[in-house]
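First residue of the sequence shown? That's 1 in UniProt numbering, and the numbers climb one at a time after it. Notes for the one structure printed next.
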Amino acid sequence: MTEKRLSVLGNRLKECRGKRTQEEVAAHLEISRARYSHYENGRSEPDNEMLQRMASYYDTSSDYLLGITNDKSPVKVETYDSLTEITKYVQQLGITQMGFLDIEKWKNLGPEEVEDIKRHFDYVLHKAMEKKKGQGK
């Protein structure tokens with residue numbers, strides 16, 4: 001890390017710390033106050049894990065702390081949970097018996113596969129309704 005980048009990091013850490021003491025922040029990060037002080041004063045470079053912990057603590061991004069961006073918003077990492085999506089959809093359909101799902105097999109599905117499942121459910125339900133209409137005549 002360049003001297004300028006260390007300086008920017010130090011200034012951003014001071015800014016984010018606000019009225020909290022270095023001792024408070026260091027305790028939360030599980031490091032000594034001296035170590036934290038070295039980060040703020042540009043004398044030490046945090047490793048990536050520590051940088052992420054500081055960003056998380058201050059509810060911002062490591063890019064902000066490093067001066068790469070001026071946007072203080074934390075980076076939102078969207079995770080896709082196929083099981084949650086399938087469960088929500090099946091519940092919308094009113095299916096309460098989920099025993100037919102082998103959870104381990106469904107965990108690795110991506111968004112496209114889940115959409116395929118939804119389309120298939122819709123198709124099967126449509127066919128069943130058409131069949132029922134045909135029997136009612």
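Backbone N, C-alpha and C define an ideal beta-carbon position, used for all residues, glycine too.
Residue nearest to residue i in terms of C-alpha spacing, selected from the options
i: S44; options: C16, D59, V8; result: V8
i: K72; options: H126, N48, D59, Q92; result: D59
i: E15; options: M129, Q52, D47, L66; result: L66
i: Y89; options: F121, Q52, N48; result: F121
i: T79; options: E3, N108, R5; result: N108
i: L6; options: T21, R20, D63, E112; result: D63
i: Q52; options: S37, E113, L29; result: L29
i: E115; options: R20, D81, E3; result: D81
Supposed contact pair residue j and residue i - C-beta distance, whole angstroms, cut 8 Å
i: E23; j: R33; result: 5 Å
i: I117; j: I68; result: Actually they do not touch by this definition, with Cβ atoms about 40 Å apart.
i: R35; j: A26; result: 7 Å
i: L83; j: L125; result: The Cβ separation is near 21 Å, so there is no contact.
i: P46; j: S61; result: Actually they are not in contact, since the Cβ atoms of P46 and S61 sit about 14 Å apart, beyond 8 Å.
Buried/exposed call for residue i, threshold 16 Cβ in 10 Å
i: S56; result: exposed
i: Y110; result: The residue asked about is misnamed: residue 110 is Gly in this sequence, not Tyr. Answer is exposed; the Cβ neighbour count stays below 16.
i: Y123; result: exposed
Residue i, DSSP secondary structure in three states
i: D63; result: helix
i: T84; result: helix
i: K72; result: coil
i: N48; result: helix
i: M1; result: coil
i: N11; result: helix
i: K132; result: helix
i: L29; result: helix
i: R17; result: helix
Residue i vs residue j beta-carbon contact at 8 Å
i: M50; j: L13; result: no
i: G10; j: G42; result: yes
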